[in-house]
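Taking it in order: structure first as structure tokens, then the write-up.
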Amino acid sequence: MRIKAKLLICSFVLGFSLPLSVQAARIKDIADVEGVRGNDLFGFGVVVGLNG
94 MRIKAKLLIC SFVLGFSLPL SVQAARIKDI ADVEGVRGND LFGFGVVVGL NG
């Protein structure tokens, strides 16, 4: 029984100590929101016709 417990503990320690490969991804890159345009519009404009 003691050997099994030691083996189990060693396997947990070894399993959690190994480095894991982690990849980061932006939500923007993996999600597709309905109604959002693919090209961003930007610029400056003049607002006319308002009193004041």
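In the numbering used here, the protein residues as written are 94 to 145.
Backbone N, C-alpha and C define an ideal beta-carbon position, used for all residues, glycine too.
Alpha carbon of residue i to alpha carbon of residue j, nearest angstrom
| i | j | result |
| --- | --- | --- |
| V140 | G131 | 26 Å |
| G136 | S114 | 42 Å |
| F109 | G138 | 57 Å |
| R119 | L111 | 25 Å |
| K121 | M94 | 51 Å |
| I96 | I102 | 10 Å |
| G128 | L134 | 14 Å |
| A124 | Q116 | 16 Å |
Bounding residues of the alpha helix (DSSP H) (the contiguous stretch that carries residue i)
| i | result |
| --- | --- |
| R95 | 95-110 |
| D133 | Counting along the chain, D133 falls outside any alpha helix (DSSP H), and DSSP gives it neither H nor E. |
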